[in-house]
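From first to last, the protein sequence lines are chains C and U. Residue 347 in this note's numbering sits at position 126 of the first sequence, with consecutive numbering throughout. Residue 264 in this note's numbering sits at position 19 of the second sequence, with consecutive numbering throughout.
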Amino acid sequence: MLRLSCDHRVMPRPRRRQRPLLIAAEGLDGAGKSAQLDLLARWLERRGRSVTVERWPPSELVERAAATPRLRPALTARVAALLSAAESARRLDVDVRRPLEAGSVVLADRYVWTGVAREIARGLDPDWVASLYAFAPRPDIVMLFRQPLDAALANALQRRDSAVRNAAMSAAFGAFLERMIEAFDELVAGAGGRPRFGPWPVPVLEIDPSDHPDDLARVIRAAVRPLLAEVAAA
Amino acid sequence: MTGVRPSDSPVDGADGRGLFVRPAGHGLPGRLIVLEGIDGSGRSTHARLLEDVLRYRGRGVTRTSLATSVLSAEPIRRAKRDRASGPVATTLLYAADLAERMEQLILPALRAGLVVLADRYAYTPMARAEARGLDRAWVEKLFSFVVPADLVLFLDVDPATILQRRPLQPTVDPYEAGADLRLSADVLEGYRLFQDRLYRCFSRYVERYGLRRVPAAGTIHQVERGLERAALALIEAQATRRPVSVRSKAASVRATPAGSDPGPASVRPKAIGSDPGQTDRSARVVE
């Protein structure tokens, strides 16, 4: 959506003849995304690629406002969505665009779909939310870990972070996670199909977290290998 | 009740962009009047004068300006100074600022029947974003949630005239002057080129969103008369609940058929709009 100069694919080519890649892992917590990305990172490094792993941190502006009684009333879903997106815009420029411009593979442990699904789960209009994040660099592939609701709930209840645990014990949390799952479903359906939905069209690999990790690693490598083979033209 | 826009209005939501969810406006008892204009157009001066006029007429008035929200004011200031922050982030913060003011100030005031006078509205951050090359459709969609204004007055004076009237202020905000774009090695020239871009954006908004041009090259008194006439016509139409036809050289206003919605009926729909009820009920944050 930005001018082409902001799209990593047409930046001045990296000195190494290797095409930058952005691979995003999405899905609810406890699905094993981090472990799989770790395996993938090591596999890529063995093949001579430089790899960076980025997370999708909660918005500092939002957290600070939520923690301050004076500021909290102003923090509605729409305001929170816009503040998060603003912070993401800045962060993605530094943490994703720059490594891509340098020819790296960037592995995103949660990415834009997480932000989109969360805002939809909070009740904002899906089309508006999806359009909001169109500025973010488009991944070469999204791996969606289809973590079922009960597993995600159980995971949240076991977290060491007491804030997460307490939130998870509320009746609303299950409904919230359910809405996130529905939003992910919509994003998958719309990622390439008609009608299109989401910040950009993108190839999707659906992962069943209940499969054996070794099998998952194989599936993921099989999906990523063809992307590596495309080398930046001389 | 029919939406009483002239059928040839270029801002009819039928173009598919969905800008006007409610053709009759926000449907609340108050009135939202917006003043827009590029740097040096006299906007802040006239916002204050207009506020006084409306108060004198017995209306409760509340004024609101850009970047004054509790959560976004400071982040906006920081983003404008921060080299690592780009126009996307700044534009999103302006949208957050508008969202908060809309929910905490504008909508409650409109519900209470007040006149809200907005010194700049979504159009300014939109123009600043588009002038920096951000995608038009994205910018429009981003700001589409704002409450539709009942009247948007665009203080129409071109940048060349402004620069003749007064020297470039040394205190002008670099972001607002487009300094990051480096349109020219010469600071003054760069500033003028950027103001030209903004002016062109606003001219497009006049057509697209139904902004009303108010010639602003004259004296303060002349301009104020033009603004007052438009604002009071809106207020008085509401008070007497009859359709209004306003005769003004600058206005692109049609007389309305009888029985129409008195508030915004006599002028073309103003702004990107949304259902205020829906946005107001947006859920509290659950982290």
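Backbone N, C-alpha and C define an ideal beta-carbon position, used for all residues, glycine too.
Residues bridged to residue i [DSSP beta-bridge criterion]
i: U:S310; result: U:D364
i: U:L400; result: U:V459
i: C:E247; result: C:L365
i: C:E275; result: C:A329
i: U:L295; result: In the DSSP output, where bridge partners are listed per residue, U:L295 has none listed.
CB contact check: residue i to chain U, cutoff 8 Å
i: C:S383; result: no
i: C:R442; result: no
i: C:L282; result: yes
i: C:L448; result: no
Short Cβ contact (8 Å threshold) for residue i with residue j
i: U:T290; j: U:A363; result: no
i: C:V363; j: C:P420; result: no
i: U:G423; j: U:A372; result: no
i: U:I278; j: U:A461; result: no
i: C:A404; j: C:G251; result: no
i: U:V360; j: U:G275; result: yes
i: U:G303; j: U:I465; result: no
i: C:A298; j: C:G269; result: no
i: C:A342; j: C:R400; result: yes
i: U:D284; j: U:E421; result: yes
Residue i versus residue j: straight-line alpha-carbon distance, rounded
i: U:R529; j: C:L296; result: Below a pLDDT of 50, predicted positions are generally treated as unreliable, and U:R529, at 44, falls in that range; the measurement from the model is reported next regardless. If I take the Cα positions, the gap works out to 7 Å.
i: U:A394; j: U:R437; result: 29 Å
i: C:D429; j: U:V391; result: 41 Å
i: C:D436; j: C:D406; result: 23 Å
i: U:A340; j: C:L304; result: 9 Å
i: C:L242; j: C:S271; result: 10 Å
i: C:W334; j: U:R381; result: 23 Å
i: C:F366; j: C:L258; result: 12 Å
i: U:F447; j: C:G395; result: 46 Å
i: U:F439; j: U:A324; result: 19 Å
i: U:A357; j: C:P279; result: 36 Å
i: C:R319; j: C:V327; result: 10 Å
i: C:V440; j: C:L282; result: 38 Å
i: C:L370; j: U:E319; result: 39 Å
i: U:R457; j: U:G471; result: 11 Å
i: C:E340; j: C:R291; result: 23 Å
i: C:V423; j: C:D316; result: 20 Å
i: C:V385; j: U:G455; result: 48 Å
CB contact below 8 Å: residue i versus chain C
i: U:V361; result: no
i: U:A318; result: no
i: U:E345; result: yes
i: U:I355; result: Looking at the sequence shown, residue 355 of chain U is not Ile but Leu. So, not an interface residue.
i: U:L477; result: no
i: U:F439; result: no
i: U:F388; result: no
i: U:S330; result: yes
i: U:V432; result: no
i: U:A533; result: Because chain U in this structure spans residues 246 to 532, residue 533 of chain U falls outside the shown range and cannot be described.
i: U:Q349; result: yes
i: U:L338; result: yes
Neighbour flag for residue i against chain D, beta carbons, 8 Å
i: C:W334; result: This model lacks chain D altogether, as its protein chains are C and U.
The stretch 306-324 of chain U contacting the stretch 335-353 of chain U, beta-carbon criterion three pairs below 8 Å: Short answer: they touch.
Does the pairing of the stretch 322-338 of chain U with the stretch 305-313 of chain C give three or more beta-carbon distances under 8 Å? Yes: at least three Cβ pairs fall under 8 Å.
So, do the stretch 430-444 of chain U and the stretch 294-305 of chain U have three or more beta carbon pairs nearer to each other than 8 Å? No: the two stretches stay apart, fewer than three of their Cβ pairs being nearer than 8 Å.
Quick one: any contact between the stretch 345-353 of chain C and the stretch 254-271 of chain C, if contact means 3 or more CB pairs under 8 Å? No, because fewer than three Cβ pairs between the stretch 345-353 of chain C and the stretch 254-271 of chain C fall closer than 8 Å, the two stretches do not touch.
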